[in-house]
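Counted from 1, the sequence shown has number 12 at position 12 by UniProt numbering; the numbering is strictly sequential.
Notes follow once the structure below has been shown.
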Amino acid sequence: MILKFPPALRIEWSDLTGVPVVAIASLVVTGLVLSVRPMRGLQSLELVAFDRMVQLRPQATPDQRFLVVAITEADLKKQQRWPISDQVLAQALANLQKAKPRVIGLDLYRNFPHEPGWKLLTQQFKAPNLIAITNIGDTESGGTPPPMVVPSDRVGFNDVVTDADGVIRRNFMFGNTETTELYSFSLRVAQHYLASQKQWPQAAWKDYGEVRWGQAIFTPLQTNAGGYQNVDADAYQILLNYRAARDVSPQVTLTQILDQQVDPALIKDKIVLIGTTAPSLKDEFFTPYSSAAWVNNPNMPGVLIHAQMVSQILDAVSGDRPLFWFWPEWAEILWIASWSVVGGAVAWIMRQPFTLALSGILLLGVLTGSTFGIFLHQGWVPVMTPTIAAVMTVGLVVSYRAQQAQRQQKTVMTLLGQNTSPEIAAALWSSRDRLLKSGKLPGQRLTTTVLFTDIKDFSTVSEQMSPEALLNWLNEYLSVMTQEVQTHHGIINKFTGDGLMAVFGVPVPRTSAAEIAEDAKQAVACALAFGDRLRELNPGWQARGLPVVQMRAGIFTGPVVVGSLGGKNRLEYGVIGDSVNIASRLESCEKDRHVDFCRVLIAQETLEHLNQQFAVEAWGPLALKGKQQMVDVYRVIGWQTPDAEAIAPALNSPTLVTIEMPQEPFVAQVDTETKTVDSH
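Right under this line is the structure:
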């Protein structure tokens, strides 16, 4: 069978190694992901992953340097007003000052009187350890601070920065205008607390650069830090490192302070933050903990968020909890590309769907585990972006492999003339990795049964028909014969004009005696079926004025070598060996001895595998063309039947068949019990 191998079906070097495939797939996917990334297409996923990692990591114990004085719903009910009066607030501050706190941070706006008690409150605001709040608002001056607070270094803004989903993940520490330096409330509180320990920042915040402060180096957040992409990182912001979901520090109520029911030890030398926690006042925000199922209240009061911020600064300066760090942009790109390559390599190596699925799960587990491990060491690196890149690369490589497998399947089917039975095709395809080496089917030695056919007196027939009519007639004839070959699990190796060569037992090796015998049986049954089909075709052809013909078949069972023959641009699936020659010579042997629509000749080597399932006529040892040794030849009459004289299929009882031949008579006595044949 000689086939022109189209370039589209050739298997090139790049098809046989995963290196260029994985590299190209990774390059394409990484480029696509990086092109989407600046448009914040993946930022929301990274923020969700950030929140999940915050929820999963161990929470720190309450910060004992703090005491939060919460104004609760019960406090509001008792005071029966909001805002609470200056007198009540002044009394609370006075009670706190008796216990000598180091810093008091008042997270309540007090820009104008709430009588009674304004003068009393003014006196309390003169305390050097009291930090008040203001709001940046819409003015460059930073809003209106409490008028009685002097100097301004005891005033900080309590504005917070939220992400697009409303979650607070950043600590807005410092802002700067042409006329005003804007310190945050948490930064002011931390500065006053640490000043008593003689720890001051070593650089000016207004330069928006690195600021060394104790054990920490504060670096302003960049627009592309971690999972952020083109985020608004103006002014001086850092990523907020939450301490806990709720219990940031010990907490008491305003009523307890007013009634002096709090142990002074909870206040002495501590940071005291006063603010509202009553839900009705709506001073609450979403945090990374808000989406956790185990959090009862998804919102966190503003005073607790400021406590988180102050605690972060103190821990960073003392070295207890380092600040978050980030990779530079080039490192993140390398990180994403690396996981894309790993995903592609896994998809290329793992060929079975089950192992690929398990490997994919393991890959994602290693990726998320590595990212979470880095997060536990205060590093925020992208996790969803490399995950998407890895999954996309896996999909791309798997798609390529599927397309490659389709090409290989088409290649194999083309090499086999697309005339295999479904069973042979399925067996072949399941062995494709072994069969396809360097774009060829490697040579292998098999025991097969070869079948040749030819039309009797075809030259005379062809002279009587036009080429066009002859071609159409031959196609009709060969189509029917091809169908029979497929039905009997053989393959068409090549067409010989008016005949064909079929092989039974390729390309998958048939090693057992039972398998070889089955191939021989199928070949003989196929040849007999040719005669049956020819009996059906001839009347129709005769009615249409087409030739009525007979055919010959030669069958031999023996060793052959099969594989691809040819070069890069032209290949054929070759079946080579003396067995092929003998089958061909059997077909053309003694052409004049033709007594049926399809004369079927076999050799002794085939008869030995038929297990007496067919009635045969011995022609004796014959000298075949090109052969030095004689070959024992038999004509297959048909299937064995209970009716010996009819000589039809399947033997069920002892039968004696005597056939007069020009040579010595042949008698075949067949015993159904012993399954033996005696001939003389």
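Backbone N, C-alpha and C fix where the C-beta goes; we use that ideal spot for every residue, glycine too.
Check	Outcome
8 Å contact criterion, which residue 616 and residue 624 should meet: CB distance rounded	At roughly 18 Å, the Cβ-Cβ gap does not stay under 8 Å, so residue 616 and residue 624 are not in contact.
Supposed contact pair residue 199 and residue 209 - C-beta distance, whole angstroms, cut 8 Å	Not quite, the Cβ-Cβ distance comes to about 19 Å (not below 8 Å), so this is no contact.
Buried or exposed by the 16-neighbour rule on C-beta atoms within 10 Å, applied to residue 166	exposed
Burial state of residue 361, where buried means 16 or more other Cβ atoms lie within 10 Å	exposed
Spatial distance of residue 259 from residue 58 (CA atoms)	36 Å
Beta-bridge pairing of residue 68 - partner residues as DSSP gives them	251 and 273
Beta-carbon proximity of residue 495 to residue 523, cut-off 8 Å	no
Alpha helix (DSSP H) runs contained entirely in the UniProt domain "Guanylate cyclase" (449-587), provided each spans 4 or more residues	458-463, 467-487 and 513-543
Beta bridge counterpart(s) of residue 105 as assigned by DSSP	131 and 273
First and last residue of the uninterrupted beta strand (DSSP E) at residue 115	Note, residue 115: premise wrong, no beta strand (DSSP E); not H, not E.
Assigned secondary structure, residue 95 (DSSP; H/G/I helix, E/B strand, else coil)	helix
Coil, strand or helix - residue 392 by DSSP	helix
For residue 309, the first and last residue of its enclosing alpha helix (DSSP H)	302-318
Residues near residue 594 by beta carbon distance below 8 Å, same chain, minus five either side	456, 550 and 552
Residues near residue 132 by beta carbon distance below 6 Å, same chain, minus five either side	106, 146, 149 and 155
Beta carbon of residue 251 nearer than 8 Å to that of residue 70	yes
Supposed contact pair residue 38 and residue 229 - C-beta distance, whole angstroms, cut 8 Å	6 Å
Chain-order list of residues whose beta-carbon lies under 6 Å from that of residue 101 (same chain, five-residue window excluded)	267, 270 and 272
Presumed contact (8 Å Cβ cut-off) between residue 21 and residue 397, rounded CB distance	6 Å
Secondary structure of residue 20, DSSP reduced to three states	helix
Sub-8 Å separation of residue 93 and residue 384 beta-carbons	no
First and last residue of the uninterrupted alpha helix (DSSP H) at residue 188	185-195
CB of residue 233 within 8 Å of CB of residue 220, strictly	yes
Assigned secondary structure, residue 51 (DSSP; H/G/I helix, E/B strand, else coil)	helix
Local Cβ density within 10 Å of residue 112, reported as buried at 16 or more and exposed below that	exposed
The segment 182-201 / the segment 305-316 touching (three or more Cβ pairs under 8 Å)	yes
Status (buried if at least 16 other CB within 10 Å, exposed otherwise) for residue 377	exposed
Cα-Cα separation between residue 299 and residue 76, rounded to whole angstroms	19 Å
Sequence-distant residues of its chain with Cβ nearer than 7 Å to residue 317 (five each side left out)	194, 199, 213, 214, 215 and 216
Rounded C-alpha distance that separates residue 248 from residue 34	38 Å
Start and end residues, beta strand (DSSP E) containing residue 602	598-603
Local conformation of residue 622 per DSSP, three classes	strand
Residue 389 versus residue 31: straight-line alpha-carbon distance, rounded	10 Å
Same chain only: Cβ atoms within 6 Å of residue 218, ignoring 5 sequence neighbours per side	211
Buried/exposed call for residue 610, threshold 16 Cβ in 10 Å	buried
Beta-carbon proximity check, residue 506 vs residue 448, cutoff 8 Å	yes
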